[in-house]
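Taking it in order: structure first as structure tokens, then the write-up.
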Amino acid sequence: MQIAIIAAILTAIGGVAFAMQNNVPVTVNFLFWRFDSSLAMVLLLALACGALIVALLSTPATLKRQWQLAQQKRLIDDLEKASTRQVDRIATLEGHAPTE
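Under UniProt numbering, the first residue of the sequence shown carries the number 1, and numbering increases by one thereafter.
Next up, the structure:
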């Protein structure tokens, strides 16, 4: 997880540095939309859109892993409680067992 954060920070720093060195005005045409801005702003906007797309695509997998982890923790708790009950039951039965 820490490696991913470091990689994201380095990518962002690289994107900002690249954008700041490319500040000429450009025109972006997309379908019926026209946008005039500096190349730096267009590059930063593209970087932000890419990060948003990655975040949206990775969200379902992350939520599934968190749900599975919570389910496994509940199962562990249930099994630990059952184990404690069995240990108590064994101790009770051994305490009442006839001694020879």
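Here a beta-carbon is modelled for each residue, glycine too, at the ideal position from N, C-alpha and C. The model shown is predicted, which means the values in this text are computed figures rather than measured ones.
Determine the direct distance from the alpha carbon of Asn-22 to that of Arg-74, and round the result to whole angstroms.
-> 53 Å
From Leu-47 to Ala-61, what does the alpha carbon distance come to, in whole angstroms?
-> Between Leu-47 and Ala-61, the C-alpha separation is close to 22 Å.
If you run the structure through DSSP and keep just helix, strand and coil, what is Val-28?
-> strand
Taking Cβ positions, are Ser-38 and Val-54 nearer each other than 9 Å?
-> no
Would you kindly check if the distance between the Cβ of Val-26 and the Cβ of Val-42 is under 9 Å?
-> yes
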